[in-house]
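Novice: Position 6, counted from 1, in the sequence shown is what our numbering calls 48; the numbers after and before it change by one each time, with no gaps.
Each residue gets a CB set at the ideal place from its N, CA and C atoms; glycine is no exception.
Here the structure is a predicted model, which means the values were calculated and not measured.
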Amino acid sequence: MELSSQEQAVAALVASGQLDEAADRLARLLPYAKEAAYHRLLTRLGAIRIRLGQLRTAVEVLRQATEMGDGYAYLQLGNALRYLGDVAGAAPALAAALARARSSADGALAIAALCVQGELALDQALSREAVERFGQALGLTELATDLGLSIAPLAGLAQAHLGWKNPRKGAGLARKALDRAQLVNDRVGESRALLSLGLATRDLSVLATARQVAAQAPHKPLEVKILRASLELAWDEALWQEALTAAERLGMESEHRALLALGP
43 MELSSQEQAV AALVASGQLD EAADRLARLL PYAKEAAYHR LLTRLGAIRI
93 RLGQLRTAVE VLRQATEMGD GYAYLQLGNA LRYLGDVAGA APALAAALAR
143 ARSSADGALA IAALCVQGEL ALDQALSREA VERFGQALGL TELATDLGLS
193 IAPLAGLAQA HLGWKNPRKG AGLARKALDR AQLVNDRVGE SRALLSLGLA
243 TRDLSVLATA RQVAAQAPHK PLEVKILRAS LELAWDEALW QEALTAAERL
293 GMESEHRALL ALGP
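#1: In this structure, does DSSP put residue 294 in helix, strand or coil?
#2: Would you check if the distance between the CB atom of residue 97 and the CB atom of residue 126 is smaller than 8 Å?
#3: How many angstroms separate the CA atom of residue 43 from the CA atom of residue 172?
#4: Does residue 59 come out as helix, strand or coil in the three-state DSSP assignment?
#5: What is the rounded straight-line gap between the Cα of residue 306 and the Cα of residue 236?
#6: Roughly how many angstroms separate the alpha carbons of residue 227 and residue 302, rounded to a whole number?
#7: Can you grab the Cα-Cα spacing for the pair residue 89 / residue 51, in whole Å?
#8: Quick check: what's the CA-CA separation for residue 221 versus residue 169?
#9: Relative to the C-alpha of residue 179, which residue among 152, 252, 117, 202 is closest?
#10: Using CA atoms only, rank isn't needed, just tell me which of 186, 217, 288 is closest to residue 201.
#11: Alpha carbon to alpha carbon, what distance is there between residue 136 and residue 185?
#12: Using the rule of at least 16 other Cβ atoms within 10 Å of the residue's Cβ for burial, across every protein chain shown, is residue 259 buried or exposed?
#13: DSSP three-state label for residue 282, please.
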């Protein structure tokens, strides 16, 4: 089977949530890939490792992937470092991704980089910066024909507006993101939209659904963030212990500190 066909098979596995098998297949392909394809496959492998919660392994893979200077490798590296709580490392990686997106006129990459910058701002409670980043990303989606590109900007902007004490607007944006995610069968986007909706409406049942969808996707770091959001709304000893253990296992230092602060 040709490399392109193999990559399509990997994409199908990812779409169906079979990430372990997708990662195994990519690892088997790497020895047969030439330089450009090799780094592309590394980037895809790193993205899968992130969703599996193998964050430190993802960083190792993605640092190697950035050797070709590819913007998507920098994007995923920044994302992995963000989940690890390494703001100092994530920020320049995301800036590099955005710079490459602009130099190559890659709208999809620019949208993704702005969204992860927005998520990084949310992690630091920088509501103004988060609104700016997600707003810029959403503006770029107006030029795109792919409806799925607007899901992450809408979901992130929804949560960012909560920092401005505007839950009604946040809920409206989250519902729009949720509708679009379900329309295109984007499980990660659906879970992220449900996280924002649950926070905006302060509805624990919505957050419980968000966690279920994240588990099905799967996206383990997002699950941890949903657990913390649930605990911020209502204390639960068993849930706190579960979240604390998961954050420690995944190496999510910022989440671990935040969870400790919520403890008894």
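Specialist: This is what the structure holds:
#1: Stepping through the sequence shown from its first residue, residue 294 is reached at position 252. It is coil, neither helix nor strand.
#2: Taking the first residue of the sequence shown as position 1, residue 97 is located at position 55. Taking the first residue of the sequence shown as position 1, residue 126 is located at position 84. In contact: residue 97 and residue 126 (Cβ atoms closer than 8 Å).
#3: On the sequence shown, position 1 is the one that residue 43 refers to. On the sequence shown, position 130 is the one that residue 172 refers to. A caution first: residue 43 carries a pLDDT of 42, below 50, which makes its placement in the model too unreliable to give a value.
#4: Position 17 of the sequence shown, counting from 1, holds the residue named residue 59. Reduced to three states, the DSSP call for residue 59 is coil.
#5: Along the sequence shown, one-based indexing puts residue 306 at 264. Along the sequence shown, one-based indexing puts residue 236 at 194. So the two alpha carbons sit approximately 27 Å from each other.
#6: Position 185 of the sequence shown, counted from the start, is the residue given in the question as residue 227. Position 260 of the sequence shown, counted from the start, is the residue given in the question as residue 302. Rounded to whole angstroms, residue 227 to residue 302 spans 35 Å at the Cα level.
#7: The count along the sequence shown starts at 1 and reaches residue 89 at position 47. The count along the sequence shown starts at 1 and reaches residue 51 at position 9. Using only the alpha carbons, I get a separation of about 16 Å.
#8: In the sequence shown, residue 221 corresponds to position 179, counting from 1. In the sequence shown, residue 169 corresponds to position 127, counting from 1. C-alpha of residue 221 to C-alpha of residue 169: approximately 24 Å in a straight line.
#9: Looking up residue 179 in the sequence shown gives position 137. When only C-alpha atoms are compared, the closest one is 152.
#10: As a working note, residue 201 is residue 159 in the sequence shown. Ranking the options by Cα distance to residue 201, first place goes to 217.
#11: Taking the sequence shown and counting its residues from 1, one reaches residue 185 at position 143. Taking the sequence shown and counting its residues from 1, one reaches residue 136 at position 94. Their Cα atoms are separated by approximately 22 Å.
#12: To locate residue 259, count along the sequence shown from 1; it is residue 217. So residue 259 ends up on the buried side.
#13: Here residue 282 refers to the residue found at position 240 of the sequence shown. Correct three-state label for residue 282: helix.
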